[in-house]
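Residue numbers (our numbering): 5 to 287. Here a beta-carbon is modelled for each residue, glycine too, at the ideal position from N, C-alpha and C. Note that this is a predicted model, so its numbers are computed, not measured. The structure appears right after this line, and notes come after that.
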Amino acid sequence: MQHIKVSELFYSIQGEGRYMGVPSVFLRTFGCNFECNGFGMAKGETSLERVAVAINAENYKDYKSLPLVSTGCDSYASWDPAFKHLSPVLTTDSIVSSIMDMLPGKRWQDEHLVITGGEPLLGWQRAYPELLTHEKMKPLKELTFETNGTQELTKEFRRWLHNDWHHDKGYFSVTFSVSPKLSISGEKWEDAIKPDIIAQYDEYGFTYLKFVIATKEDAEEAEEAVSLYRKAGFNGPVYLMPCGGVESLYNLNARNVATEAMNRGWRYSDRLQVPLFKNEWGT
Ligand code: SF4
């Protein structure tokens, strides 16, 4: 049986992107290839908040007790090795059983599954076919991978997506919600912007781009990235979403970000988890 190291598994409302407002189960896998320490910081600076929390990692026994950080990656505990003790390695059977327990009807109805991270397309691709073909997962109709857009789909996973899953299920939809990391994240352009990989996702599911930005300059940088993605064959929609895991920061730039999106004929994505749930862990 396959195993996945699971950071969080919870039921909430999807706050971002195409499925905003849809009741969703979130499976957050452990591990990421980035750190994104730049979010919420002046250009070129990095968050020391996460590092300060990580120094005391052993004091935290569960996700609920972890502090929220206002700068850097807001899901830091899903990849920082200091917090790996909070993320159990679970069999696909036990993940399915926990999902059934948290669904209001104890089975899939109109809910949607989000596989997120960290970066969910790292090694865990090998476990998804077994997870998603479990008998109790059959009624699931809509699935999103939330990814940073740097990980190729493996040959085996592509074959499975293409041959086995779609064709068995009748109505079924897989979405790749790609959040490419601009310089505001602190990651390097050459590591983060991978047009061929996004073109590959586009072949296997509905794919859209969702850029987290704070300024007009960030929006211009997104434009540059989008032109490379388009050249590689990407055809889907583009969203801009305000930076800010805490309400004070998010409120500051939401309207400007909406204007930048409108100016380009792009879509605006809210982050409903911030006003609704204060971006707490488990939301
Ligand atoms: S890619 Fe996402 S999960 Fe990974 S460090 Fe950046 S914001 Fe956090």
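- By the CB criterion at 9 angstroms, Val29 and Leu13 fall inside the cutoff.
- Linking Glu53 to Gly190 through their CA atoms gives a straight-line distance of about 15 angstroms.
- Of the candidates His7, Glu20 and Ile202, the residue whose Cα lies closest to the Cα of Thr287 is Glu20.
- In this structure the region 108-125 touches the region 143-151; the number of beta carbon pairs closer than 8 angstroms is three or more.
- The region 122-174 contains, as complete alpha helix (DSSP H) runs of 4+ residues, the segments 132-136, 159-163 and 170-173 (chain order).
- Per DSSP, the continuous beta strand (DSSP E) segment holding Ser177 begins and ends at Ser177 to Val182.
- For the 9 angstroms CB-CB criterion, Thr33 and Ile59 do not form a contact.
- The DSSP assignment places complete alpha helix (DSSP H) segments of no fewer than 4 residues inside the region 187-239 at 193-196, 199-208 and 220-235, in order along the chain.
- For Glu39, the shortest C-beta to heavy atom distance toward the ligand SF4 is below 8 angstroms.
- Excluding the 5 residues flanking it on each side, Gln277 has same chain C-beta neighbours closer than 6 angstroms at Gly19, Asn283 and Thr287, in chain order.
- Per DSSP, Met245 is not a residue of any alpha helix (DSSP H); the beta strand (DSSP E) it occupies stretches across Val242 to Pro246.
- In its chain, beyond the 5 residues on either side, Ala86 and Phe87 have a beta carbon closer than 6 angstroms to the beta carbon of Ala61.
- Thr154 and Met104 have their C-alpha atoms roughly 31 angstroms apart.
- Look at Cys77: its beta carbon is less than 8 angstroms from one of the heavy atoms in the ligand SF4.
- Boundaries of the alpha helix (DSSP H) around Thr96: Thr96 to Met106.
- Set against 8 angstroms, the gap from the CB of Ser102 to the closest heavy atom of the ligand SF4 is not smaller.
- When C-beta atoms of the region 209-226 are compared with those of the region 241-250, three or more pairs fall below 8 angstroms, so the two segments count as touching.
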